[in-house]
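*Asks:*
There are 2 protein chains.
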Amino acid sequence: MSPDLSRRHFLGGLGVAAGASAAAAAGASQAHAIGLEREPEKPKKPPLQTATVAFDGVHQAGIDTPSQSHLWLIAFNIKKDVDRTRLRNLMRVWTDDARRMTAGKASRTDLDYELMQAPANLTITLGLGERFFEVAEKEAEKPDWLKPLPAYKTDELREEWNGGDLCLQICADDPVVVSHAARLMIRNSAPYLDVHWIQEGFLNAKGALQEGETPRNLFGQKDGTINPRAREEFKDQVWIENGADWLRGGSALVVRRIEMDMDGWDILDRISRKVATGREIDTGAPIGGKDEFETVDLSKTDEYGLPLTDPQSHVALAMPPKELPNQKLLRRVYNYDLPPEKDGRFTSNTGLVFACYQKNPLEQFHPIQQRLAEGDRMNQWIFHIGSAVFVMPRGTSESEYWAQDLLAD
Amino acid sequence: MSPDLSRRHFLGGLGVAAGASAAAAAGASQAHAIGLEREPEKPKKPPLQTATVAFDGVHQAGIDTPSQSHLWLIAFNIKKDVDRTRLRNLMRVWTDDARRMTAGKASRTDLDYELMQAPANLTITLGLGERFFEVAEKEAEKPDWLKPLPAYKTDELREEWNGGDLCLQICADDPVVVSHAARLMIRNSAPYLDVHWIQEGFLNAKGALQEGETPRNLFGQKDGTINPRAREEFKDQVWIENGADWLRGGSALVVRRIEMDMDGWDILDRISRKVATGREIDTGAPIGGKDEFETVDLSKTDEYGLPLTDPQSHVALAMPPKELPNQKLLRRVYNYDLPPEKDGRFTSNTGLVFACYQKNPLEQFHPIQQRLAEGDRMNQWIFHIGSAVFVMPRGTSESEYWAQDLLAD
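Line by line, the protein sequences give chains A and B.
Under the UniProt record's numbering, the first residue of the first sequence carries the number 1, and numbering increases by one thereafter.
Under the UniProt record's numbering, the first residue of the second sequence carries the number 1, and numbering increases by one thereafter.
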C-alpha cells in the first residue's frame, strides 16, 4: 500500500468518510486555477497542473507523501506583541492559504494567481516549536520531548540554523510553485512572525528516476532505503497515537542541517566510500548483497572471518538494537548546494536538509544520533551545523484550521 | 521549425553530415550510464534518463536549446600562473567532461557516476571574458564589444556579481544533474581557475507548463514572448556571422543580475502592474489584445484617444526602433529566490539571472538597456546589481575541444 493510500484510508478514524474525501480531492484536482478560467480550453493539461495532494485528513500531508523534488523549510519566530488571539488569526489565514494553494487555487490575497496554475503536488505542513505553547497559553500541552536535543559530541551548531517557534515545510515538484507558495505564506504571516531561517532543498526532478526509486544525495549514496513504506510501519514509527486530540495523528520533526565536505569525499576511492557508508554504492545493497532492500546482517563475514559490514560504518551504527526494532524513523531529506560562503571551510557549500519524522525524538532520533556521533566513520565528512525540533499537529477536517484544538475559544 | 531542429540543420555548414550527428546523438542517448550497466534491465526508462541534447554542432548547445528548468551560471577568474599552454589543457579536460556528461556518461574523473544516470537535457556552454584573450596571447582576436558595458543611470552594480575571465552556463531539467555537473566542472578546473561568482536559477519543472508555453517570472510576468524562434530570427539576432573561424557561429552573452523588490510589487494592483509591464498580465497579450503573440502596436489608442500602451512601459521602451528591426535579443532568463540577506533592503532575496544572447551587445543589449534605464516604469521595482559580458565561441566537431582555433599550437 502506498503511503498516500494509507493516509486516505486513515480518514475513517476521524469520522470523515474516506470515499467523500477522495471525491473531494478528485474535484479539487480538476478545479481550474483562477487565471486559467479566462483562457480557451486546451486539449490536455500538463501532468503537474492536475497533480494535487489532499490537504485535509487524519495526518497532515507532506509527511507520508512521496518526496517531491523541491523543498523550502522555513522556521519563524513569533513577534513580541503576538498573543493567543493573534496566533488564532494567523492559523485561520494560513490554513485557508495552504488549503487553497495545495488544491491549485491561489491564496485569497494573491494577485499573481497565474503562478499557481500547476499545483505540482504542493504540500504545506505546519510544525510548532516550544514557544508556540507559551504564547498560546497551553504550556501544559507541550510534549516533553519538544525542546532542544541533547548536545552530541560532533555538534558544530550555529545559532542561525537552530530552533524556531513555528515551521512550515513547503514541498512541490515545481520550484516556481514552492517559491511562490513560500512567498505568500511568509507575507501573510508578516504581522505575526519573523523569518528565522530558510532551508531550500532539492531532489531529482520527476522523470529522472523510476517511480519509487530511492534518490541519491550529493555524496552519491542512496538515501531513504529503510524508510517506512507500509501503513503498519508508519503506525509503528511515525504517527503519534497517544495524547490530546490535537496531537493524535501528528508527528515529531527533527531538522538537522548537515554540511558535507565534498572536497574530502572526492579524494576517497569507491571502496573507502562503501566501507564508511556500510552499503554497496552502486545498488545500495548491504555489503556483499545484491538488492537494495535486503536486510543488513552484521554477523555476515568474508572468507577471512572478518565482518562484511564495518561495525563503525554509518549503516551499522544507525541500525536499531534487536530489542527495539522501531528505533527507526522516516527520513525526508533534501540536498542543498549553494555558492561557497566567503569564509567557508570547503570549496563548496553543500549538504543535506536532514528532516526526519518520528513519534518521539528522544526515543528515535536521539539514540541513533548518539551512536553515530560516537563512532560513525562518516563523521569525517559530515558536520551537523543546525538543529531544531517541532511537533506537527494532526491533520485537519475541511472546516478546521491548523491546531484549532489548541487555539479555539 | 523548433530551435533544436534549426541547430541540427546548421550542421551542414561545418561539413559534418547532419544525419551522422543525429545518429551519434541517438546512440549517446541510449548508452547506459556506467552505474546502470550493473543493474538488471528495467522495462522502460524514465523520460529524463534518455533526454540528451547533442553537444557538438555549428553552435554550442544551450543557446537555442529550449530553456531547461535549472541553471548554474558560473564565472571564473584565471589563476596568476596559468599561461596559454595550461589554458589549452583546461579546455581539453573541460570539453571531454562536457561532451561526456551531456551524453549521459560520467566525467572520466567522476567516482559518483550514478549521479549522471539521467542527463535530463543537460547542456554546458562556454563563454570567454576579456582576460582569456590576454592569457591566450590572442588579444588581436578579442571582439571590440568584449568589455564592461557602459554605465547606466540606474546601475547599482556590486563587484561580487561583475565580470569574470571565463564562464560556464550549465542547464538541465534536473537540479541534481546541474549541481553534480557543476561540481565536476569546478573541480576539474581548480588547478587553473578560481570561482568568481555562481548564479543559480530555476524555471517551471517539465510538466508544469504546456510545451513551448512562455514561463513567468516571480512578478507573474510572462518572460520571453518576443524571443527568436525561427531559424531566420536566430540568424538575424543571435549568431555571429562574420569574423575569425572560432567566432563564426558563436554569440555574445550579457548577464545582468536583477534584484526584484517583491515587497513593492506586492502592493501594486493588477492594473498598475499591467501599465508598468505594457502587457496584459493574464495572457501576456499587448494591452487590449487577446493573444500573447500579437504584435504590439504603440499607436493604438483607447476611446479617449490615449495610447493603450504607456510609452514609459517596459514593453514600449524595449521595442526596437522601426529602422532597426533586429535590435532584439534572445532572453534566456531564470528566476532566483534565496533566503534574505542579512542587511538586505527587502524581505526577500529574489530576482532574475538575466542572461541574453545576441550578435553584438553594443548594438542590441546596450541601446535597449539605455532606453530602459532612462524611463522604464519597472525601474521602481528592479535593480541591476551585476553585469558581465562573454563571447561564446562556435560549437565543436566531435574531434575538437572548445576554442581550439584560439589555443592550438
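Heads up, the beta-carbon is just placed ideally off N, CA and C, and yes, glycines get one too.
Cutting at 6 Å between CB atoms, please list the residues of its own chain near leucine 36/A, excluding the five before and the five after it.
*Replies:* Unreliable positioning characterises leucine 36/A in this predicted model, as indicated by a pLDDT of 46, which lies under 50. A coordinate reading is not provided.
*Asks:* Check whether chain B comes within 7 Å of asparagine 204/A, counting only Cβ atoms and requiring the distance to be less than that.
*Replies:* It does; some Cβ of chain B falls within 7 Å.
*Asks:* Span of the beta strand (DSSP E) holding valine 353/B?
*Replies:* Run containing valine 353/B: 349-358, per the beta strand (DSSP E) assignment.
*Asks:* Measure the C-alpha to C-alpha separation of tryptophan 145/A and isoleucine 382/A and round it to an integer number of angstroms.
*Replies:* The alpha-carbon atoms of tryptophan 145/A and isoleucine 382/A are separated by roughly 25 Å.
*Asks:* Alpha carbon to alpha carbon, what distance is there between aspartate 96/B and glycine 104/A?
*Replies:* Rounded to whole angstroms, glycine 104/A to aspartate 96/B spans 44 Å at the Cα level.
*Asks:* Identify whether proline 307/B lies in helix, strand or coil by the three-state DSSP scheme.
*Replies:* DSSP places proline 307/B in strand when its eight states are reduced to three.
*Asks:* Which residues in the same chain have their Cβ closer than 8 Å to the Cβ of arginine 274/B, if we skip the five residues on either side of it in sequence?
*Replies:* For clarity, residue 274/B is lysine in the given sequence; the question names arginine instead. Result list for lysine 274/B: Glu280, Ile281 and Ile287, in chain order.
*Asks:* Please name the residue in Met101/A, Asn349/A, Ile78/A and Glu232/A whose C-alpha comes closest to that of glycine 201/A.
*Replies:* It is Asn349/A.
*Asks:* If I measure Cβ to Cβ from lysine 328/B and keep anything under 6 Å in the same chain, skipping five residues before and after, which residues do I get?
*Replies:* If we look at lysine 328/B and ignore the five residues flanking it on each side, its Cβ neighbours are Gln237 and Pro320.
*Asks:* Closer than 7 Å by C-beta to alanine 285/A: which residues in its own chain qualify, once you throw out the five before and the five after it? Chain order, please.
*Replies:* The residues are Arg279, Asp291, Glu292 and Glu294.
*Asks:* With 16 as the cutoff for other CB atoms within 10 Å, does isoleucine 240/B come out buried or exposed?
*Replies:* So isoleucine 240/B ends up on the buried side.
*Asks:* Looking at the secondary structure, which residues open and close the alpha helix (DSSP H) in which valine 178/A lies?
*Replies:* 175-189 is the span of the alpha helix (DSSP H), which, as asked, contains valine 178/A.
*Asks:* So the beta strand (DSSP E) arginine 257/A belongs to, where does it begin and stop?
*Replies:* Segment 251-260, the beta strand (DSSP E) holding arginine 257/A.
*Asks:* Starting from isoleucine 385/A, trace the alpha helix (DSSP H) in both directions and tell me its first and last residue.
*Replies:* From DSSP, isoleucine 385/A is part of no alpha helix (DSSP H) but of the beta strand (DSSP E) over 382-392.
*Asks:* Spatial neighbours of arginine 377/B within its chain, please: C-beta separation below 8 Å, excluding the five flanking residues on both sides.
*Replies:* Cβ neighbours of arginine 377/B beyond the five flanking positions: Val275, Ala276, Asp310, Gln312, Ser313 and His314.
*Asks:* Across the segment 118-125 of chain A and the segment 165-182 of chain A, are there enough close Cβ pairs to call them in contact, namely three or more that are closer than 8 Å?
*Replies:* As far as the Cβ criterion goes, the segment 118-125 of chain A touches the segment 165-182 of chain A, which means the pair count is three or higher.
*Asks:* Cβ of valine 176/A less than 7 Å from any chain B Cβ?
*Replies:* True, the Cβ-Cβ gap to chain B drops below 7 Å.
*Asks:* Just curious, the beta strand (DSSP E) that alanine 75/B is in, first and last residue?
*Replies:* From DSSP, the beta strand (DSSP E) with alanine 75/B extends over 70-78.
*Asks:* Please classify aspartate 302/B as buried or exposed, where buried requires at least 16 other C-beta atoms within 10 Å of its C-beta.
*Replies:* Counting Cβ neighbours within 10 Å, aspartate 302/B comes out exposed, since fewer than 16 surround it.
*Asks:* Using a beta-carbon distance below 7 Å, is glutamine 68/B in contact with chain A?
*Replies:* Answer no: the Cβ-Cβ gap between glutamine 68/B and chain A never drops below 7 Å.
*Asks:* Could you check whether tyrosine 357/A and isoleucine 124/A sit closer than 7 Å to each other, using their CB atoms as the reference points?
*Replies:* Result no, Cβ atoms of isoleucine 124/A and tyrosine 357/A do not sit closer than 7 Å.
*Asks:* When you compare the CB of aspartate 337/B with every CB in chain A, is at least one pair closer than 7 Å?
*Replies:* Judged by the 7 Å Cβ criterion, aspartate 337/B is in contact with chain A.
*Asks:* Which residues share a DSSP beta bridge with alanine 403/B?
*Replies:* Answer by DSSP bridge pairing: none, since alanine 403/B is not bridged.
*Asks:* Quick one: list the residues of chain B neighbouring methionine 262/A, beta-carbon separation under 7 Å, in chain order.
*Replies:* Arg183, listed in chain order.
*Asks:* Under three-state DSSP, which class holds histidine 314/A?
*Replies:* DSSP places histidine 314/A in helix when its eight states are reduced to three.
*Asks:* Under 8 Å Cβ to Cβ from alanine 51/A, same chain only, skipping five residues before and after it: list those, please.
*Replies:* Taken in chain order, the residues that qualify are Ser29, Ala118, Pro119, Ala120, Asn121 and Asp173.
*Asks:* Could you give the uninterrupted runs of the alpha helix (DSSP H) lying entirely in the segment 58-144 of chain B, keeping only those of 4 residues or more?
*Replies:* As far as the segment 58-144 of chain B is concerned, its whole alpha helix (DSSP H) runs of at least 4 residues are 84-102 and 130-135.
*Asks:* What residues from chain A crowd round isoleucine 198/B, counting only those whose CB sits closer than 7 Å?
*Replies:* Those within 7 Å of isoleucine 198/B in chain A are Pro339.
*Asks:* Touch check for the segment 256-266 of chain B and the segment 383-395 of chain B: three-plus C-beta pairs under 8 Å?
*Replies:* Output reads yes: the segment 383-395 of chain B touches the segment 256-266 of chain B.
*Asks:* Can you name the residues of chain A whose CB is closer than 8 Å to the CB of residue 423/B?
*Replies:* Shown here, chain B extends from 1 to 409; a query on residue 423/B therefore has no answer.
*Asks:* Mind pulling the chain A residues with CB within less than 9 Å of serine 387/B?
*Replies:* Residues of chain A passing the Cβ test: none, with the nearest at roughly 18 Å.
*Asks:* Within 7 Å of any Cβ in chain A, is that where the Cβ of glycine 207/B sits?
*Replies:* Yes, because at least one Cβ of chain A sits closer than 7 Å to the Cβ of glycine 207/B.
*Asks:* So which of Asn89/A, Gln68/A and Leu362/A has the shortest CA-CA distance to leucine 209/A?
*Replies:* The option with the nearest alpha carbon to leucine 209/A is Gln68/A.
*Asks:* Helix, strand or coil: how does DSSP classify glycine 13/A here?
*Replies:* The predicted model places glycine 13/A with a pLDDT of 35, which falls under 50 and marks its position as unreliable; any figure quoted below should be read in that light. Helix.
*Asks:* Interface residues of chain A around valine 195/B at Cβ under 9 Å?
*Replies:* Neighbours of valine 195/B on chain A, chain order: Pro339, Pro340 and Thr347.
*Asks:* Using a C-beta cutoff of 7 Å, does glutamate 259/B count as contacting chain A?
*Replies:* No, because no Cβ of chain A sits closer than 7 Å to the Cβ of glutamate 259/B.
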